Structure formats: C-alpha cells, structure tokens
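Enquirer: Using my numbering, the letters of the sequence shown correspond one by one to residues 0 to 299.
A virtual CB, placed ideally from N, CA and C, is assigned to each residue, including glycine.
Here the structure is a predicted model, which is why all the values come from computation and not from measurement.
Below are the structure tokens for one structure; questions will follow.
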Amino acid sequence: MELTVLNNTVQLKPKEYRSSIEPTWCPGCGDFAVTAAICNAFSSLGVNPDNAVIVSGIGCSSRLPLWMRSFGFHSCHGRAVPVAVGMKLSRPELLVAITIGDGDAYSIGGGHLPHAARRNIDLTLIVMDNQIYALTKKQASPTSREGMKGSVTPYGTLDSPINPLTLMLTYGATFVAQAFAGNPKVTGDIIKQAIEHKGFSFVSIISPCPTFNTIDTFEYYRPRIYSIEDLHADKTDRIKAYEIAESSLDHTKNPEAKVPVGVFYKVDKPTYDSKIAALKVKYKGTNTPDLKAIYSKFRA
Ligand code: SF4
C-alpha cells in the first residue's frame, strides 16, 4: 500500500514558494541556488505548501526553512533526521524534506542516517555540502579534504574525508544522487526526482561557501563537474553506482579527476510508512496490546 504525498496539487511559480523573509546568507553562498532549485522542483510538481514540511538542523544551510512558504522546523544540531522521521510517521500524507549541512549530517547526526535509509522511510534528505563548518567560522567537517586549514587546525586537518555517496549506497538508501549548486536547473530536476521517489531519497549538493572555504569554490568545481546520465543508464545497477560514487573524491588527490553529478541509484522497495499503514489496516479492530499494562510493568 503506497501513500501519496503529492495530492491536492497547486499551480505556483517558483518564487511563490519563498517566504517574505530575506535570506541572511553571505552574497555568493551556494545555498541560494539550492533554495531556488527546491522552489523549482516544488513548482514543477505542483506541491501545495500547506502539505509540505522542511526540517533542518543547525548551521548556515539549516536556515533554509525560514525562507520558504511551506511549514518548517528548525531543529537541533544533528537531529533533523529523527524529527523528520517522527513527522512522516505521524502525518504520512505530508511531503517531508530535510535540508542540512555536511557537518550536521555526517558528524553529530551521522548515526541517524543508516537507520532512516535502511528502513526506506519516504523522506527526501538534501545535504548542502560546503566541506566546512561555516556558521562557527571555518572548522574542518567530515567532508573536508585532508590538509584543509581551519581555525582549529592551522597546520591542516589530518582526517580523511568521508564519501557520503558510497555510505548512503551501503546503508541501503533507495535513491542516491549528487548535484552542484553551480547548476540550479539540473539540481532542481534531481530534487524533483528525489521527491517523486517513494522511499528514502538522498541528494548530496556541492554548495560552495565563498566566505570560509577558498579551495572548494564554484570556480574549482565548474570545470570538473560531469553528468553521469549517458554513462550510467541502469539506475538499479548498484555496483556501477558504487564505482562511480567512489570516484567522486578522486579530485582531492588528482587535479585532473572529474566530479560526477546525476542520479547514481534508484530502486523501488516497500517504504516503512507504507508498512506501518498496512499493519494498521491488518490489525484494526483486533486484540491490540494493552499499552497501559505493558508500561505499568516497567514502572513497578
Ligand atoms: Fe554561506 Fe559560507 Fe556565508 Fe555560511 S558563511 S552563509 S555557508 S557563504
């Protein structure tokens, strides 16, 4: 039993998905383009803002729900995913998307990702990856390249970056994609596909921070980005998806290496929320556990 979130559609222009609050991001921040791409995706899908919630954590990018007309929840650092899971399970008819940064997603919030992915909860996770903690003024994040100098690593970080794409493929996400904020049209199309996907969809967006990350800039990425669409037609081929995803960080060691964008992987599997809905139907009116009796045992 699949649930639809795209009911009650409306016809709105992309700019009509924006709230009246002006973004406080620095001029040139990649997150502007991500916001525009989300608005484009919503408009092209006819999303009713009254049926959509955007959940964020803490960080520059996590201010995004404030600029949107849909419902929003600016939650705690690292906890946007469990908040969104709770929302989706209690209100499965809503479109629930998560917009967070790389530090929030992969560091303090990293423990939540495998479980949301393996359960295939119908959520769209959009990570704006600027490879740095920007709100706290330049510390190395889990995706910073080795050697990146930050305010507390003046000699360069000793850590190797994680690869979010290979991680999400391993965790069992049923939709895995990468986009680049330098191309909002393609990014909007990928976000649209992610929202349409029934299940846990993950979109990593390379979204440069021109204020604090002077290495991973728009100018750096623009000549290196390439589309995988022609190269990788069978989106259900997980091994091929993994191979391409693994090459995504080669550029940090080899200046000639390219950076892939597009949809890497997409398969259909029953969603967690649809399984819960099926259980409710199956056991409606039957002997349900006496929760009060169960809880009283723990209290005793
Ligand atoms: Fe964007 Fe960086 Fe400014 Fe934060 S500090 S708003 S990430 S440009």
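Report all residues for which the CB-ligand distance to some heavy atom of ligand 1 is below 5 Å; order them along the chain.
Expert: The answer, residue by residue, is TRP24, CYS25, CYS28, CYS59, ALA133, CYS208, THR210.
Enquirer: Classify ALA292: buried if its beta carbon has 16 or more other beta carbons within 10 angstroms, exposed otherwise.
Expert: exposed
Enquirer: Under 8 Å, do ILE20 and LEU65 count as touching if we go by C-beta distance?
Expert: yes
Enquirer: List the endpoints of the continuous alpha helix (DSSP H) containing THR169.
Expert: 163-170
Enquirer: State the Cα-Cα distance for the pair THR216 and PHE297, rounded to the nearest angstrom.
Expert: 55 Å
Enquirer: Can you check DSSP and say which residues form a bridge with ILE204?
Expert: Per DSSP, MET127, ALA178.
Enquirer: By a C-beta neighbour count over all protein chains shown, 10 Å radius and 16 as the cutoff for buried, is GLU1 buried or exposed?
Expert: The predicted position of GLU1 is uncertain, since its pLDDT is 41 and thus under 50; a value taken from the coordinates is nonetheless stated next. It is exposed - the Cβ of GLU1 has fewer than 16 other Cβ atoms within 10 Å.
Enquirer: How many Å lie between ILE243 and GLY261 at the Cα?
Expert: 11 Å
Enquirer: With three or more beta-carbon pairs closer than 8 Å as the criterion, would you say the segment 46-65 touches the segment 127-147?
Expert: Yes, they touch.
Enquirer: Could you tell me which residues DSSP pairs with ALA51 in its beta bridges?
Expert: LEU94
Enquirer: Which residues does DSSP list as the beta-bridge partners of PHE72?
Expert: Under DSSP, the beta-bridge partners assigned to PHE72 are VAL54.
Enquirer: Using a 10 Å radius around the Cβ and a threshold of 16 neighbouring Cβ atoms, would you call ALA176 buried or exposed?
Expert: buried
Enquirer: Please confirm if the segment 96-108 is in contact with the segment 5-16, defined as three or more CB-CB distances below 8 Å between the two stretches.
Expert: no
Enquirer: When the Cα of SER150 is compared with those of LEU134, ARG118, ALA79, which residue comes out closest?
Expert: SER150 has its Cα closest to that of LEU134, out of LEU134, ARG118, ALA79.
Enquirer: Decide yes or no for the touch test of the segment 48-57 against the segment 83-99: beta carbon pairs closer than 8 Å, at least 3 of them.
Expert: yes
Enquirer: Within 10 angstroms of the Cβ of GLY29, are there 16 or more other Cβ atoms? Answer buried if so, exposed if not.
Expert: Its Cβ being crowded by 16 or more others within 10 Å, GLY29 is buried.
Enquirer: What I want to know is whether the C-beta of THR213 ends up closer than 7 Å to one or more non-hydrogen atoms of ligand 2.
Expert: With respect to ligand 2, the structure shown offers nothing to examine, as its ligands consist of ligand 1.
Enquirer: Compute the beta-carbon to beta-carbon distance between SER203 and PRO163, rounded to the nearest angstrom, for a pair I have assumed lies under 8 Å.
Expert: A Cβ-Cβ separation of about 5 Å places SER203 in contact with PRO163 under the 8 Å criterion.
Enquirer: Which residue's Cα is closest to the Cα of LYS279: GLY27, SER89, ASN50, ASN39?
Expert: SER89
Enquirer: In whole angstroms, give me the CA-to-CA distance for MET45 and VAL82.
Expert: The question names Met, but residue 45 is Gly in the sequence shown. So the alpha carbons of these two residues sit roughly 25 Å apart.
Enquirer: Would PRO141 and PRO160 be called neighbours here (beta carbons separated by less than 8 Å)?
Expert: yes
Enquirer: In chain order, which continuous runs of the beta strand (DSSP E) of length 3 or greater are located wholly inside the segment 245-287?
Expert: You should have 258-265.
Enquirer: Output needed for ILE224: all residues of its chain with C-beta closer than 6 Å, excluding positions within five of it in sequence on either side, in chain order.
Expert: PHE179, VAL258, VAL260
Enquirer: When you compare the CB positions of ALA40 and LYS197, do they come within less than 8 Å of one another, or not?
Expert: no
Enquirer: Tell me the DSSP bridge mates of THR152?
Expert: Its beta-bridge partners are GLY149.
Enquirer: DSSP on ILE227, reduced to helix/strand/coil?
Expert: coil
Enquirer: Can you tell me which of the three DSSP states ILE120 falls into?
Expert: coil
Enquirer: Note down, in chain order, each residue of its chain lying with its Cβ closer than 7 Å to the Cβ of ASN47, except the 5 sequence neighbours on either side.
Expert: ASN7, THR8, VAL9
Enquirer: In the structure shown, what three-state DSSP assignment does THR3 receive?
Expert: Unreliable placement is indicated for THR3, whose pLDDT of 45 sits below 50; no coordinate value is reported for it.
Enquirer: With a threshold of 7 Å on Cβ separation, who are the neighbours of TYR241 within its own chain once the five nearest residues in sequence on each side are excluded?
Expert: THR165, LEU168
Enquirer: Tell me the DSSP bridge mates of ARG17?
Expert: Bridge partners of ARG17: MET67.
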